[in-house]
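What follows is a set of notes on a single structure, which appears directly below.
Laid out in structure tokens, this is it:
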């Protein structure tokens with residue numbers, strides 16, 4: 066390679082290594098040790114727990130969620146299944162579980178309106194909580210699966226640390242070997258897009274709606290009383306943001322050991338982060354990641370195959386090695402979180418290119434770039450929503 070081209074390639078490798086380092090640090094700040102918590106069995110002094118499940122989405126995933134609730138180790142649970150009167154398939158599912166044999170009483174709440182948006186689910190929860198007897202309230206998404214000790218663990222942590230509202234971020238479960246190979250790269254790309262979206266919108270780190278939210282009933286009554294006005298929909302009591310702004314103690318933890326979603330690599334962002342929408346900037350991050358991967362692999366190939374007898378060639382190899390190592394470490398960390406193939410980290414680039422293609426195809430299918438603009442996600446900018 067002529068000296069001029071070597072210098073240009075060195076500059077590109079330097080930019081790629083710097084960008085890879087910045088993305089690596091930005092991505093992993095999201096997984097701070099502050100989000101971890103110690104798991105302990107509950108002492109049994111917390112009384113009845115009321116669990117609410119608004120029924121929407123995929124029926125098979127919903128049935129898995131309900132079965133995981135009925136299999137919980139904590140003995141004092143009452144389950145509320147909330148469905149729309151218009152959706153008879155959910156009514157049949159609720160009736161089936163209510164008539165089943167279980168130590169957990171199942172109560173069915175039918176609403177006269179559909180349960181599709183976050184506002185609809187809030188209205189449904191407002192209606193259901195009036196008959197709840199629990200000292201603690203648990204609000205679950207309809208697409209997650211709980212470990213047998215999930216509710217008991219969360220309850221003991223929140224109760225012993227005087228936490229008013231506690232949410233766990235769900236993990237991801239992959240079934241086939243091919244999915245476990247590609248999943249860490251898919252999650253890495255999705256995290257890049259989350260970073261791009263959060264920096265653009267400067268939105269709060271705590272989401273308005275959580276897949277697993279545990280709330281103390283006394284704290285709920287306080288927030289509910291503050292925000293209650295006749296004819297106005299109260300949202301603050303049903304998301305962790307409402308407790309944070311009212312000065313109560315909240316905690317957002319990594320719940321990947323106790324709560325998870327089943328995900329498919331062909332619809333990764335829809336399965337793992339269904340409420341998140343992304344812009345064209347996220348697509349540019351994905352394409353840039355592909356370019357950085359090509360540069361890192363090409364730089365290593367150049368350094369290992371060509372005779373290096375000058376400073377420029379040695380620098381190309383060094384910067385490429387830094388980029389390659391950071392991507393391999395990131396793959397390994399994501400693989401550990403997803404319980405995937407961490408041993409595949411040295412060959413991360415083999416899964417990275419299919420992950421880029423699958424991510425761009427999904428973004429195009431969902432209209433995230435180059436298509437019609439999606440309806441923006443509602444953010445916690447107001448204390449009260451539309452009238453109920």
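Residue numbers (our numbering): 66 to 453.
Using N, Cα and C, we set each Cβ at its ideal position, and we do this for glycine too.
This one's a predicted model, so the numbers in the text were calculated from it and none came from an experiment.
* Starting from residue 281, follow its DSSP beta bridges and name the residues at the other end. => Stepping through the chain shown from its first residue, residue 281 is reached at position 216. The partner list for residue 281 (beta bridge, DSSP) reads 201.
* To do: Helix, strand or coil for residue 411, going by three-state DSSP, please let me know.
  => In the chain shown, residue 411 corresponds to position 346, counting from 1. Helix at residue 411.
* To do: Determine the direct distance from the alpha carbon of residue 428 to that of residue 152, and round the result to whole angstroms.
  => Along the chain shown, one-based indexing puts residue 152 at 87. Along the chain shown, one-based indexing puts residue 428 at 363. Between the alpha carbons of residue 152 and residue 428 lies a distance of about 29 Å.
* To do: If I'm right that residue 180 touches residue 149 with Cβ under 8 Å, what's the distance once you round it to whole angstroms?
  => Position 115 of the chain shown, counting from 1, holds the residue named residue 180. Position 84 of the chain shown, counting from 1, holds the residue named residue 149. Yes, they are in contact, since the Cβ atoms of residue 180 and residue 149 sit about 5 Å apart, within 8 Å.
* Asked: By Cβ distance, which residues of its chain are closer than 6 Å to residue 131, with the 5 residues on each side in sequence left out?
  -> Within the chain shown, residue 131 is the residue found at index 66, counting from 1. Correct list, in chain order: 162.
* To do: Determine the closest residue to residue 348 out of 430, 412, 145 and 68, with distance taken between C-alpha atoms.
  => Sequence index remark: in the chain shown, residue 348 carries index 283 (1-based). Taking the Cα of residue 348 as reference, the smallest distance to any Cα among 430, 412, 145 and 68 is reached at 430.
* What did DSSP end up calling residue 171 once you bin it into helix, strand or coil? -> Taking the first residue of the chain shown as position 1, residue 171 is located at position 106. If DSSP states are grouped into helix, strand and coil, residue 171 belongs with the strands.
* Identity of the residues DSSP links to residue 146 by a beta bridge -> In the chain shown, residue 146 corresponds to position 81, counting from 1. Paired residues: 118 and 173.
* **Contact check, residue 204 vs residue 145, beta carbons under 7 Å** => Position 139 of the chain shown, counted from the first residue, corresponds to residue 204. Position 80 of the chain shown, counted from the first residue, corresponds to residue 145. In this structure, residue 204 lies away from residue 145, with their beta-carbon atoms at least 7 Å apart.
* Asked: Mapping DSSP to helix, strand and coil, what is residue 326?
  -> Along the chain shown, read from residue 1 onward, the residue named residue 326 stands at position 261. Three-state result, residue 326: strand.
* Thinking C-alpha only, which one of 328, 72, 278 and 249 is nearest residue 407? -> Here residue 407 corresponds to residue number 342 of the chain shown, with the count starting at 1. Checking every option, the nearest Cα to that of residue 407 belongs to 249.
* residue 373 by DSSP, collapsed to three states: which one? -> Residue 373 sits at position 308 when you count from the first residue of the chain shown. For residue 373, the three-state secondary structure derived from DSSP is coil.
* To do: List the endpoints of the continuous beta strand (DSSP E) containing residue 237.
  => The sequence position of residue 237 within the chain shown is 172, counting from 1. Element bounds for residue 237: 236 to 238.
* To do: Compute the Euclidean distance between the alpha carbons of residue 133 and residue 332, then round it to the nearest angstrom.
  => As a working note, residue 133 is residue 68 in the chain shown. As a working note, residue 332 is residue 267 in the chain shown. Rounded to the nearest whole angstrom, the C-alpha separation of residue 133 and residue 332 is 23 Å.
* Whole-angstrom distance between residue 329 and residue 210, CA atom to CA atom -> Here residue 210 refers to the residue found at position 145 of the chain shown. Here residue 329 refers to the residue found at position 264 of the chain shown. So the alpha carbons of these two residues sit roughly 15 Å apart.
* **From 385, 423, 110 and 393, residue whose alpha carbon lies closest to that of residue 79** => Position 14 of the chain shown holds residue 79. In this structure, 385 is the residue among 385, 423, 110 and 393 with its C-alpha nearest to the C-alpha of residue 79.
* Asked: Looking only at its own chain, which residues have a Cβ that is under 8 Å from the Cβ of residue 251, when we skip the five neighbours before and after it?
  -> The residue given as residue 251 occupies position 186 in the chain shown. These residues qualify, in order along the chain: 330, 333, 420, 423 and 424.
* To do: Could you name the residues of the same chain whose beta carbon sits closer than 7 Å to that of residue 402, not counting the 5 residues immediately before and after it, in chain order?
  => The residue you call residue 402 lines up with position 337 of the chain shown. Residues of the same chain with a CB within less than 7 Å of the CB of residue 402, apart from the 5 flanking positions on each side, are 236 and 321 in chain order.
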